[in-house]
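Residue numbers (my numbering): 471 to 908.
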């Protein structure tokens, strides 16, 4: 006699403490759920959260009973990024080894998420930035809603693009990852889905039903949930964008092609020169230059060098490199200046050096990248040895694939037919193609 589905979706563990940084529930049906629980701080990711996630995810990955992991946020954010104020306070108090250790633990967690065999589903309903992006980008299911606000804003706080960006950004749809990282760009709602940050786009009102459906899947399954079954379930609750084709802000007007032209260069100076010379997406290029001019010159150069190196490294090596860099850069003035300006004084940061030409890239390489690693990353579980991005299976076709197919077929209609078939009729394929080819 099996339990009814209803009984199976009653948590085994009563939540012991509503004030915990993250709430953990294990259901008898094998679904394991984590809710980030610092709503007043927009679920800023702190050391407590990191430890709760790490401990539970390791246990679930080793358990035969776990069928899937679902991660979501309490309140209007999924996760607004790392708790940078807590790190600044440690640096100000002369406790740098502690802030470096917190960052090290974040890197271990990101490696863990990227190495899991247990299916992992993230509900990005609300603000998803920085460390929050790190909790989703190495997962097969990343669900955006109309409330999603994505950004990797590190260069605006004098810090490099972290949270596994060194791994996924250089492998992301032509130069799209470099653009999103170096420029600290924001994507809202459907844009996050079109760009490939999210694998699915589900209206927020459908999320409770979607969660129930995943509970049912778990109740019916004897082992880890099949990824294709999860995908079919999420697709069912997804919005059919092909009806009214919402706009993709990086889609039409030659913007994607301009991103590839301008961001293929290996120095920030050359990227800006290419943007200044852009003849097609002129308005986009002008706005992008304005965005770059507000960011930390040191951080931008560090991020671009990180992407250049990360492209050749495995996920494990990328996380080790990010941990090593942070153990050095967080003790520097630029990080403290950027964080203080962002969360304390709320004034414009005073970057030093203040211009790109004054930042010596060779010096950054010597101080950060080529310095010895005094605390090599010890992973929780074996894995992450791959050098190809693993989580593209349920995404929309990339902009570059759409352009390639369009070249072969010669028509928008032919491109839609070809890719709809290849992507099993996935909702949004047609809408993205129309956006890219218009």
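The beta carbon of each residue, even a glycine, is placed where N, CA and C say it ideally should be.
Next item on the list: In the DSSP assignment, find the beta strand (DSSP E) that holds residue 950 and state where it starts and stops.
Entry: The first residue shown for the chain is 471 and the last is 908, placing residue 950 beyond what the model contains.
Notebook entry, point to check: Apart from the five residues on each side of it in sequence, which residues of its chain come closer than 6 Å, Cβ to Cβ, to residue 901?
Noted result: 711, 712, 715
Margin query: I believe residue 622 touches residue 550 by the beta-carbon criterion, under 8 Å. Please report the beta-carbon distance rounded to the nearest angstrom.
Written below: Contact doesn't hold; Cβ gap of about 12 Å is too wide.
Check: Among 651, 709, 906, which residue has its Cα nearest to the Cα of residue 875?
Finding: Closest by alpha carbon: 906.
Margin query: I'd like to know if the segment 521 to 533 and the segment 846 to 860 are in contact, where contact means that at least 3 CB-CB pairs between them fall below 8 Å.
Written below: yes
Margin query: On a Cα-Cα basis, can you pick out the residue from 772, 894, 803, 815 that is closest to residue 822?
Written below: 803
Item checked: Expected contact under 8 Å - CB spacing of residue 719 and residue 643 to nearest Å -> Actually they are not in contact, since the Cβ atoms of residue 719 and residue 643 sit about 15 Å apart, beyond 8 Å.
Notebook entry, point to check: Is DSSP giving residue 542 helix, strand or coil here?
Noted result: Three-state DSSP puts residue 542 in a strand.
Checklist line | Where the beta strand (DSSP E) containing residue 799 begins and where it ends | finding: Element bounds for residue 799: not the beta strand (DSSP E) but the alpha helix (DSSP H), 785 to 799.
Note to self: Which residue wins for smallest C-alpha separation from residue 555, given the options 878, 815, 613, 584?
What the structure shows: With distances taken between Cα atoms, residue 555 lies closest to 815.
Check: Would you call the CB atoms of residue 574 and residue 784 closer than 8 Å?
Finding: no
Notebook entry, point to check: Taking the beta strand (DSSP E) that residue 614 falls in, what are its first and last residues?
Noted result: 611 to 614
Notebook entry, point to check: What distance in whole Å lies between the Cβ atoms of residue 604 and residue 634, which are believed to be in contact at a cut-off of 8 Å?
Noted result: Between residue 604 and residue 634 the Cβ distance is about 5 Å, and since that is below 8 Å, they are a contact.
Margin query: Among the candidates 517, 824, 898, 501, whose CA atom is the shortest distance from the CA of residue 707?
Written below: Proximity to residue 707 across 517, 824, 898, 501 peaks at 898, based on C-alpha coordinates.
Note to self: Quick check on the burial criterion: 16 or more other C-beta atoms within 10 angstroms. Buried or exposed for residue 767?
What the structure shows: buried
Notebook entry, point to check: Are the Cβ atoms of residue 799 and residue 629 separated by less than 8 Å?
Noted result: yes
Next item on the list: Give me the Cβ distance between residue 522 and residue 491, rounded to the nearest whole Å; I'm assuming they're in contact under 8 Å.
Entry: 6 Å
Notebook entry, point to check: What are the complete alpha helix (DSSP H) segments, minimum 4 residues, inside the segment 653 to 712?
Noted result: 660 to 665, 677 to 690, 697 to 707
Notebook entry, point to check: For residue 592, which three-state DSSP category applies?
Noted result: strand
Check: Is the number of C-beta pairs between the segment 725 to 735 and the segment 643 to 659 that are closer than 8 Å three or more?
Finding: yes
Notebook entry, point to check: CB-CB under 6 Å to residue 544, same chain, minus the five flanking residues each way: which ones, in chain order?
Noted result: 505, 507, 509
Item checked: Backbone secondary structure at residue 515 - three-state DSSP -> The three-state reading of DSSP puts residue 515 in strand, counting E and B together.
Next item on the list: Could you tell me the distance, in whole angstroms, from the CA atom of residue 473 to the CA atom of residue 689?
Entry: Caution applies to residue 473, whose pLDDT of 49 falls short of 50 and renders its modelled position unreliable; the value that the coordinates give is listed next. Approximately 9 Å between the Cα atoms of the pair.
Check: So what's residue 620 in DSSP terms, helix, strand or just coil?
Finding: strand
Notebook entry, point to check: Which of helix, strand or coil does DSSP assign to residue 770?
Noted result: helix
Check: What is the DSSP secondary structure of residue 751, reduced to helix, strand or coil?
Finding: Under the three-state reduction of DSSP output, residue 751 falls in the coil class, being neither helix nor strand.
Item checked: Neighbourhood of residue 796 by C-beta distance below 6 Å, restricted to the same chain and skipping five residues each side -> Beyond the five residues adjoining it in sequence on each side, residue 796 comes within less than 6 Å, by CB distance, of 573 in the same chain, given in chain order.
Checklist line | Local conformation of residue 812 per DSSP, three classes | finding: helix
Next item on the list: Label residue 701 either buried or exposed according to how many other C-beta atoms from any shown protein chain fall within 10 Å of its C-beta, with 16 as the threshold for buried.
Entry: buried
Item checked: Rounded separation between residue 614 and residue 750 - CA only -> 30 Å
Margin query: Measuring straight from C-alpha to C-alpha, what distance separates residue 540 and residue 746?
Written below: 44 Å
Checklist line | Close beta carbons around residue 640, own chain, < 8 Å, minus the five adjacent residues each side | finding: 647, 648, 777, 778, 780, 781
Check: Within this structure, are the beta carbons of residue 581 and residue 786 separated by less than 8 Å?
Finding: yes
Margin query: For residue 863 and residue 695, I'd like the C-alpha separation in whole angstroms.
Written below: Looking at the two C-alpha atoms, the distance is approximately 16 Å.
Check: According to DSSP, is residue 506 helix, strand or coil?
Finding: strand
Checklist line | Contacting residues, own chain, Cβ-Cβ under 7 Å from residue 859 (five flanking each side not counted) | finding: 638, 641
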